[in-house]
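Below is one structure, written out as structure tokens, with a few remarks after it.
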Amino acid sequence: PVFKAISAVSSIEFGDEDHGDEDHDDEDHDDDHGDEDHDDEDHGDHDHEGADPHFFTDPARMADAAAAILGYLIANLDGVDVDAMNASANEYIAQLESLDTEVAETFANLTDDQRVLVTNHEVFGYFADRYDFEVVGAVIPSGSTADGASAQALAELAELIVAEGVPVIFADSSSSDELVQTLATEVGNIDVIELYSESLGDADSDGATYIDMVRSNAEQIATALAG
55 PVFKAISAVS SIEFGDEDHG DEDHDDEDHD DDHGDEDHDD EDHGDHDHEG ADPHFFTDPA
115 RMADAAAAIL GYLIANLDGV DVDAMNASAN EYIAQLESLD TEVAETFANL TDDQRVLVTN
175 HEVFGYFADR YDFEVVGAVI PSGSTADGAS AQALAELAEL IVAEGVPVIF ADSSSSDELV
235 QTLATEVGNI DVIELYSESL GDADSDGATY IDMVRSNAEQ IATALAG
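This is the structure:
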């Protein structure tokens, strides 16, 4: 059987970051999640057709997913050491919660006007939802490949960047930045900064683990947008 982790989190649609009423801070991840029976959960109320799958950009949702995965494994695997799994998972969930707090503090000095993102792909919807950012545009539209970015769309995005006064375009470190550089050239006087947005970095990089990746991305975003 396959467990779809997105079924355990509050999902959003592509391009929809306005979920400020959802308060993940009130969720208690320190409970003994091994007692949860996820087989009885009815995820049928959540229609994930068209849902943004990039919930990993939000460590609070990752904590939710980790708790659900723990419950699923305990319920479906024979012969596991439940106590050991609970201890290990709850320790990691606590690290994710601490990371969430750390990231929020990293952005504490950014004004609302500075919390604007332009990215190479629509990856940061959950991140924007969690930390009160607005994704005003992406070089590659949702659900598209690089071939889906037309010259007209890039020109319109360039105009939007100038109008919004966006100082930086965030690119994915593991993908070609050709289109991003083309856009940056058209805009002029704008930085391009690479983030670990769709994969971890090398073992000796500052994105070697999930926690390292999120921390590095947050620090780079905060520094770039602070001006």
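Quick note: to get my numbering, add 54 to the position in the sequence shown (first position is 1). Just so it is clear, CB atoms sit at the ideal spot from N, CA and C, and this is done for glycine as well.
CA-CA distance, A122 to V241, rounds to 44 Å. Annotation for V246: I223, A225, V234 and A238 place their beta carbon closer than 6 Å to its own, counting only its chain and skipping 5 residues before and after.
Boundaries of the alpha helix (DSSP H) around G179: G179 to Y185. For the 9 Å CB-CB criterion, G255 and D266 form a contact. The secondary-structure analysis by DSSP pairs E67 across a beta bridge with A105. In the DSSP assignment, E188 falls within the beta strand (DSSP E) that extends over E188 to I194.
Residue state for D226 is assigned as strand, using DSSP reduced to three classes. With a 10 Å radius around the Cβ and a threshold of 16 neighbouring Cβ atoms, T165 comes out exposed. The criterion of a C-beta distance shorter than 9 Å is satisfied by D106 and F68. For N140, the three-state secondary structure derived from DSSP is helix.
Looking from the CA of T173, the closest CA among Y185, A138 and I194 belongs to I194. Exclusion of the five residues before and after Y185 leaves V157, A158 and F161 as the residues of its chain whose Cβ lies within less than 7 Å of its Cβ. Contact between A62 and A119 is confirmed by a C-beta separation of about 5 Å, below the 8 Å threshold. Annotated three-state conformation of E218 is helix, per DSSP.
Sequence-distant partners of A212 (beyond 5 residues in either direction) whose C-beta falls short of 8 Å from its own C-beta, in its chain, are L237, E240 and V241. For L249, the number of other beta carbons within 10 angstroms of its own is at least 16, and it is reported as buried.
Within the same chain, Cβ atoms closer than 6 Å to the Cβ of F187 are found at R169 and L171, the five residues on either side in sequence being excluded.
Distance from the CA of G261 to the CA of R269, rounded to the nearest whole angstrom, comes to 8 Å. A straight line joining the alpha-carbon of P221 with that of L214 spans about 12 Å. Between the alpha carbons of D132 and V190 lies a distance of about 48 Å.
Linking N163 to V136 through their CA atoms gives a straight-line distance of about 42 Å.
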